[in-house]
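First residue of the sequence shown: 135, per my numbering; consecutive thereafter. We put the CB at the ideal spot given by N, CA and C, even for glycine. Because the structure is a prediction, the values reported are computed rather than measured. Below: the structure, in structure tokens.
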Amino acid sequence: MKKYKIGFTAGVFDLFHVGHLNLLERCKEQCEYLVVGICNDDYVKKVKKTTPIIEEKDRVRIIDALKCVDKAVLIDIETTNDKMLALEKFGFDVLFSGDDWKDSERYKKTEEQFAPLGVKIEYLPYTKGVSTTDIKQKIDKN
């Protein structure tokens, strides 16, 4: 039996790489059912200030095809930024996030909101040495 029933994580998942896979496998190790939110193109353009290489519908399809993912869903800016809204939509008992968010004001607030509801946040480490930004830079050099 796994630690959590329903887990949720979100990301852009552009130029899918082993770091993405490692993250999603770590999430699935801890929950019975994993929902992955894929940030829509509008979010990437407005928040990340870049244009995704892979369009949103294809990123959803790629993530949904992974055996460690039970359901991939396209999410908007509001759902990405407001974890309480994500909780309402997806009914998870654990939110998985990168450990770079730990102790940030945003996530301290989210932890406080989740605590009375019994919802946890698990912070997971990033895979060192691989990122979408690095891949884009390597492509630009060639």
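The beta strand (DSSP E) that contains residue i, what's its start and end?
i    : result
E189 : Here E189 belongs to no beta strand (DSSP E), and DSSP marks it neither H nor E.
M168 : For clarity, residue 168 is Leu in the given sequence; the question names Met instead. Residues 165-173.
K254 : 254-258
Helix, strand or coil for residue i, going by three-state DSSP, please let me know.
i    : result
A206 : strand
V228 : strand
T213 : helix
Residue i lies in the alpha helix (DSSP H); which residues open and close that run?
i    : result
A144 : Counting along the chain, A144 falls outside any alpha helix (DSSP H), though it belongs to the beta strand (DSSP E) covering 138-145.
F248 : 239-248
F224 : 217-224
So that I know if they touch, is there some Cβ in chain C lying closer than 8 Å to that of residue i?
i    : result
V170 : The structure shown contains no chain C, having only a single protein chain.
Hey, out of the options, whose CA is closest to residue i's CA?
i    : options                : result
Q164 : T266, K270, V228       : V228
A206 : V169, K223, T185, K242 : V169
I187 : E212, R240, G252, D175 : D175
N156 : Y260, T266, K270       : Y260
I255 : Q271, T266, D234       : D234
Can you check DSSP and say which residues form a bridge with residue i?
i    : result
L149 : DSSP, once it has assigned bridges, lists no residue as partnering L149.
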